[in-house]
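In what follows, a single structure is set out as structure tokens and then discussed.
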Amino acid sequence: MLADSAASRLMLLLGGLSKNEWSNIMQTIGADEAIKQWDLSAELYAGYCSKYGDINREVLLTPLILDILGMVEGRSILDAGCGEGYLSRLMAERGANVTAVDYSERLLEIAKELTEDNTRINYRHANLENLEILSADSFDVIVSCVVLQDVPDYQTATKEMYRVLRSGGECILIITHPCFSSDAGWVKDASGKKLHWKIDNHFYESGFEIPMSSNSENNPIGFHRTLTSYYKTIINAGFKISDLIEPYPSQDKIEKHPEFVDDLRMCHFLIFRLIK
Ligand SMILES: C[S@@+](CC[C@H](N)C(=O)[O-])C[C@H]1O[C@@H](n2cnc3c(N)ncnc32)[C@H](O)[C@@H]1O
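According to my numbering, the sequence shown is numbered sequentially starting from 436.
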């Protein structure tokens, strides 16, 4: 799968537009427009997922998330941007009471189809920018896995997550690493050998397509923002940052998936552990 790999993210620099002009256009894209692209990509996206999510999650994120969560039995957890629902199912299997929210109706349908036992998962259709369907202070934990970088109004969405978390509760917020996602990708030689990871245009905050495969036409949209923007958004929402993790593959995982040795050369994801 190409999604989430900054290596594969292409800036949509259309003929003649300057970087600033392109940024301005992309900043006007709203959640309703952006989510249509997720609906169109839903089958393809879900097709990349195993019980533990796509291969990036399986190797780099899911074991870490489950470890951070620890014992979840009886806890009320919001999966904010659940996609096809693998994480909700893993948490529900461990006894959590999960509310799984996504704005893509098609992904929610797929998530429901994949859920054999829905006694502990309540799938809800909502935009993270407006969680009025959820009460304030109602969750012990929020997990949002690789979602916020795809939400146009990420500041309001972060405030909404703060509002629905109970005081003292934890939010595990995972985003694509903002220091490696701008105009980024592997530079390869003629034989395909990865020479180095390129980044450029860090201070141009802008949207870009996330190619779901080498020939997909309907791609979701993600947004590059600086680390400072995310930091300020999190602090302004009211959260305290208790930890920051840059996940890398364990030796065990590299033995099983040797291609992940290159994930010791750059970092795809950033995990914030946040306390209300
Ligand atoms: C990269 S996928 C991650 C899905 C899932 N958390 C996972 O780890 O596989 C991003 C998800 O965010 C959802 N999403 C994007 N914008 C959203 C919004 N404004 N409100 C709620 N969900 C949104 C998409 O529909 C998609 O399911």
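Note that beta-carbon positions come from the ideal geometry of N, C-alpha and C, so glycine has one too.
**Q.** Check: residue 542 C-beta below 6 Å from any heavy atom of ligand 1
**A.** yes
Q: Spell out the partners DSSP gives residue 535 in its beta bridges.
A: 514 and 558
Q: Assign residue 486 to one of three DSSP states: helix, strand, or coil.
A: coil
Q | Status (buried if at least 16 other CB within 10 Å, exposed otherwise) for residue 593 | A | buried
Q) Of all the CB atoms in chain C, is at least one closer than 7 Å to the CB of residue 500? A) Going by chain labels, chain C is absent from the structure shown, which holds only one protein chain.
(Q) At a cut-off of 6 Å, would you count residue 538 as near ligand 1, judging by its Cβ distance to the nearest heavy atom? (A) yes
Q. Going along the chain, which residues of its own chain have a beta-carbon closer than 6 Å to the beta-carbon of residue 583, five neighbours each way excluded?
A. 589 and 610
(Q) With H, G and I counted as helix, E and B as strand and the rest as coil, what does DSSP make of residue 540? (A) helix
Q.
Residues in the same chain with beta-carbon distance under 7 Å from residue 550, minus the five sequence neighbours each way, listed in chain order, please.
A. 520, 524 and 556
Q: Name the one or two DSSP bridge partners that residue 664 has.
A: Answer is none; residue 664 lacks a bridge partner.
Q. Which value, in whole angstroms, describes the spacing of the CA atoms of residue 695 and residue 485?
A. 17 Å
(Q) Suppose the cutoff is 6 Å on Cβ atoms and the five residues either side in sequence are ignored; what does the same chain contact list for residue 701 look like? (A) 615 and 632
(Q) Does the beta-carbon of residue 585, which I'm using as the reference point, lie nearer than 6 Å to any heavy atom of ligand 1? (A) yes
Q. Going by the beta-carbon positions, is the gap between residue 612 and residue 704 smaller than 7 Å?
A. yes
(Q) Please report the distance separating the alpha-carbon of residue 650 from that of residue 657. (A) 18 Å
Q.
DSSP three-state label for residue 644, please.
A. strand
Q) Within the chosen definition, does the region 491-499 reach the region 465-472 through at least 3 CB pairs nearer than 8 Å? A) no
Q. Beta strand (DSSP E) containing residue 598: first to last residue?
A. Unbroken run through residue 598 is the alpha helix (DSSP H), 589-599; no beta strand (DSSP E).
Q: Under 7 Å Cβ to Cβ from residue 661, same chain only, skipping five residues before and after it: list those, please.
A: 613, 637, 638 and 640
**Q.** Closer than 6 Å: residue 614 CB and nearest ligand 1 heavy atom
**A.** no
Q: Using three-state DSSP, classify residue 634 as helix, strand or coil.
A: coil
Q) According to the Cβ coordinates, are residue 710 and residue 605 closer than 7 Å? A) yes
**Q.** Proximity winner among 655, 511 and 474, relative to residue 461 (alpha-carbon distances)
**A.** 655
Q: State yes or no: is the C-beta of residue 636 nearer than 6 Å to some heavy atom of ligand 1?
A: no
Q. If you drop the 5 nearest sequence neighbours on each side, which residues of the same chain put their C-beta closer than 6 Å to that of residue 440?
A. Confidence at residue 440 is low in this model, with a pLDDT of 38, below 50, so its placement is unreliable and no value can be given for it.
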